[in-house]
Amino acid sequence: MSTPNSRTTLKDYCLRRLGHPVVEINVDDDQVDDRIDDALSFYRDYHYDGTEKDFLKHTITTANITNKYIDIPSTVSGIIRVFPVGTGLNANNLFNLRYQLTLNEVFDWSKSAFSGYYTNMENIALMQEIFVGQQGIRFNRHTDKLYIDMDWVSKVTAGEYLIVECYKVLNPDTHTSVWGDWWLRQYTTQLIKRQWGENLKKFEGMQLPGGVSFNGSAIWGEAEEEIKRLEEEIISKFSMPVMDMIG
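Going by the numbering used here, the sequence shown opens with residue 17, and the numbers climb by one from there.
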């Protein structure tokens, strides 16, 4: 069989892994869909292939200035930074310090050395960081709002652009190879298996014709052990390293 490339083919793959159609898998279709959603959620949070870096361009409105925040698409999982805001930092400003240094010191790019220009730019960036600093940002993906701590009235006007560097979750319906990810397939299978065991545990000890009895606890225990192993594996092998915070 080919690698899963949709929700349906992933579902079929997981059920076959568990023994279907030779073995009856006592799990409802809605329960299977719920477990797939759980697996996708965990995958997006911890697997480096579950998200991608992106840049959002937002046109500032009067409502943004009044509310002091901008709306962020629900596909955004995290904000890295907002590019410097305000007309004073705009490179198109004739009186911008960076522009004046470029105009006066690097008038002939073919003959001028870059060392002096580079040093000056570094000094300007350091002064900017010390005396002005970056505007603070606050974001929670459950609210889909990005708050920027600045004086909106004096720094920006309606019609200007904000550039936001962020992480976006991959839509598996667009990027269908997500459904075939090796780790996601294994994890989804074990979540469904645990659900199967959970269902059968409710009939623990019940005797069937021929003396056969349900043993949902064994199925549940096997799945639980494998789920823990896979969750440890994604953290150690497939997650971006945690960055140190200094200050």
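Glycine is no exception: its CB is placed at the ideal position from the N, C-alpha and C atoms.
Per DSSP, Gly221 lies in no beta strand (DSSP E) and is assigned neither H nor E. Here Trp236 is near Glu214, since their CB atoms are less than 8 Å apart. For Tyr64 against Ser255, the beta-carbon gap comes to about 6 Å, under 8 Å, which counts as contact.
In the structure shown, the three-state DSSP call for Asn156 is strand.
Secondary structure at Phe71: strand, using DSSP grouped into helix, strand and coil. Here the alpha carbons of Glu241 and Phe155 stand approximately 35 Å from one another. Considering only Val39, Ile86, Pro225 and Ile81, the residue with the shortest C-alpha distance to Ser170 is Ile81. Residue state for Asp165 is assigned as strand, using DSSP reduced to three classes. Annotation for Lys184: the continuous beta strand (DSSP E) segment containing it runs Tyr177 to Val185. For Thr205, the number of other beta carbons within 10 angstroms of its own is at least 16, and it is reported as buried.
Across the set Ser131, Ile208 and Gly94, the C-alpha of Gly94 shows the shortest separation from the C-alpha of Ile153.
In this structure, DSSP gives Ile96 an extended state, which the three-state scheme calls strand.
Judged by DSSP secondary structure, Tyr85 falls within the beta strand (DSSP E) whose first and last residues are Tyr85 to Asp87.
No residue range can be given for Asp189, since it is assigned to no alpha helix (DSSP H) and is classified by DSSP as neither H nor E. For Val185, the closest alpha carbon among the candidates Thr75, Lys69, Ile52 and Pro100 is that of Lys69.
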